[in-house]
Amino acid sequence: MIAALDNEIVFKMAFQNKIVFTQFVKDILGIDFEGVIETEKRFKSKHSNIDFRLDIFAESNDKRVIIEIQRIAFDHHFDRFLGTFLNTITEQQQSSKEYEIHKTVYSIVILTTPYRVDDKTGRPIAEEYLMQQLDPENLKKEKINIYGHTQVFLNPYYVKSTTPKSIKEWLDLINGSIKDPKNYKAPPENIGIKTAVKIINEEKFDSDTWHKIKIANETRNTLLVIEEKKFREGKIKGEKIGIQKGEKIGIQKGEKIGIQKEKIKGIIKALKRGRLTLDEIAEDFDVSLEFVMQIKTEKKL
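Each residue of the sequence shown is one higher than the one before, counting from 4 in the working numbering.
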C-alpha cells in the first residue's frame, strides 16, 4: 500500500528523489535536467513583502534552469501561484543596475482537489493540464522566445482519454495514492513512477516518518478548514456585493428607461404641435435627428 501524495511529507519524500524528479520533469516539461534538488526552499524577495516557500526547488548544473514543484490542496488563490512564480524569476535581479535574468524558470503546481473556481467568463475549469508562458506575441500571434519562463498546473481529477500518456501516468499516480492506495499499480516502463512507488511504500516507513506524516495531515486538514471557511465567507460576501451591484445597475437602467420614455412623450407632443423643425426638436431633447424621424414615422405624425 502506498501513502497519499497529498501529504506534504510523502510528497517531498518522493519528488526530491533524483530519479523521480528528473523523469517527472522530462514527462511534464519535455526537458532533461541535471542539477541540485532542494526542499523547503525559502527566500524573501526584494520585490515582495511575502515570504515564499517552495516544496521542491532545483537548479541545473549549468545554472541556466530553475524548476520548482508545489503541492497545493486548494485552488482558489491562483494569484498566490502566480506570485511565487514571478518571485522566483525576479529574485534573480540583483540591483537597479543589474536587471538581467540569466535562468529560465519552470514552475509546476500540482493541485490535489477538484477546482472550485471559474474562469473570468464564468465557465468552470475542468482541465488536467494548464500552461502559461511569459513570452510575448507579435501581431501574427507568433510567440517571440525572449524569456521562456513557463508555469504548468496539473490536476488529476480531470484526466481524460485524450490526456497524453506521459502526463496521465503521473496524474494517475497522484490520484491513485489518494483514492485507491491499496490497488494502484505503477506502469512497468516508467522508472520515475516505479521509484516513487517504492519510496512511498508504507511498509518501509519508520515510526519517526509516521509521526511527521500524521502532523502534516493534521496541519493540512486545519488549513483546509480555514480555507473552506474563507471560501464560503468570500462567496457569501461576493453574492451580497453582486446583489447590491445588480440593484444599482437595475436602478440606473430604470432611470435611463424612464428618461427615455419621457423624452419620447415630449417629442410626440412637439411633433403634433408642428411649431418646431425636426432639427430643433432633436436639439431640445438632446437626441439625434434620426431618432426624431424614427418616432415621426412610427407614430405617423
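Even for Gly, the Cβ is constructed at its ideal location relative to N, Cα and C.
Note that the coordinates shown come from a computational prediction; the quantities given were computed from them, not determined experimentally.
Tell me the residue span of the alpha helix (DSSP H) that contains residue i.
i      : result
Ile170 : Lys168 to Lys182
Phe84  : Phe81 to Thr93
Val200 : Ile194 to Ile202
Val108 : Premise fails: Val108 lies in the beta strand (DSSP E), Thr107 to Leu114, not in any alpha helix (DSSP H).
Met296 : Leu292 to Glu301
Enumerate in chain order the residues of its own chain whose CB-to-CB distance from residue i is below 7 Å, with the five nearest sequence positions on each side excluded.
i      : result
Ile128 : Tyr118, Val120, Asp121 and Asp122
Val295 : Ile270, Leu281, Ile284 and Ala285
Phe288 : Lys266, Gly269 and Ile270
Asp138 : Lys146, Ile147, Asn148, Ile149, Tyr150 and Gly151
Thr42  : Lys15, Gln19, Asp58 and Ile59
Pro190 : Glu172 and Ile196
Tyr161 : Ala129, Glu130 and Glu131
When you compare each of the options to residue i by their alpha carbons, which one comes out closest?
i      : options                           : result
Lys266 : Arg276, Lys256 and Ile284         : Ile284
Ser180 : Asp138, Ile92, Lys201 and Glu62   : Lys201
Lys268 : Tyr161, Leu292 and Lys302         : Lys302
Asp35  : Asp211, Asp65, Gly125 and Thr93   : Asp65
Thr107 : Leu85, Phe81, Ile69 and Glu94     : Ile69
Lys29  : Arg67, Arg223, Ile203 and Ile194  : Ile194
Thr165 : Leu85, Lys264 and Glu130          : Glu130
Ala61  : Ile40, Arg67 and Thr153           : Ile40
Pro159 : Thr115, Leu226 and Lys144         : Thr115
Arg67  : Arg223, Gln297 and Gln95          : Gln95
Val290 : Tyr109, Lys264 and Gly33          : Lys264
Ile72  : Thr93, His105 and Thr25           : Thr25
Met134 : Gly125, Leu157, Tyr161 and Lys143 : Leu157
Lys3   : Leu85, Gly125, Thr42 and Ile298   : Within the shown structure, residues of the chain are numbered from 4 to 304, placing residue 3 beyond reach of any answer.
Gln136 : Leu292, Leu85 and Gly125          : Leu85
My guess is that residue i and residue j are in contact by the Cβ rule of under 8 Å, so how many angstroms apart are they, rounded?
i      : j      : result
Trp173 : Ile196 : 7 Å
Arg83  : Asp58  : About 13 Å; that fails the 8 Å criterion.
Pro184 : Ala6   : 7 Å
Val155 : Tyr132 : 7 Å
Ser63  : Glu37  : 6 Å
Phe14  : Phe27  : Phe14 to Phe27, Cβ: 12 Å. No contact.
Ile170 : Ile31  : 6 Å
Asn141 : Ile149 : That pair is no contact at about 11 Å.
Asn10  : Asn220 : 6 Å
Ala76  : Arg235 : Wrong, their Cβ atoms sit about 16 Å apart, outside the cutoff.
Ser110 : Phe88  : 4 Å
Ile177 : Met16  : Their Cβ separation, rounded to whole angstroms, is 14 Å, which puts Ile177 and Met16 out of contact at 8 Å.
Thr198 : Val23  : 5 Å
With a cut-off of 8 Å, does the C-beta of residue i fall near any C-beta of chain D?
i      : result
Gly179 : Although the question refers to chain D, the structure presented lacks it and comprises just one protein chain.
Residues in its own chain within less than 6 Å of residue i by CB, not counting five upstream and five downstream?
i      : result
Ala273 : Leu279 and Ile284
Asn205 : In the sequence as presented, Asn is not what sits at residue 205; that position holds Glu. Excluding positions up to five away in sequence, the list reads Met4 and Ala6.
Would you say the beta carbon of residue i comes nearer than 7 Å to a heavy atom of the ligand PLP?
i    : result
Leu8 : The ligand PLP is absent from the structure shown, which contains no ligand whatsoever.
If you drop the 5 nearest sequence neighbours on each side, which residues of the same chain put their C-beta closer than 8 Å to that of residue i?
i      : result
Ile216 : Ala6, Asn10, Ile12, Val13 and Phe208
How would you write the range of the beta strand (DSSP E) that residue i sits in, first residue to last?
i      : result
Thr153 : Thr153 to Leu157
Leu133 : Tyr132 to Gln136
Continuous alpha helix (DSSP H) assignments of at least 4 residues falling wholly in the stretch 245-288: The qualifying runs are 281-287.
Which runs of the alpha helix (DSSP H), 4 residues or longer, sit entirely within the stretch 10-68? As summarised for the stretch 10-68, the continuous alpha helix (DSSP H) elements at least 4 residues long and confined to that stretch are 11-18 and 21-32, given in chain order.
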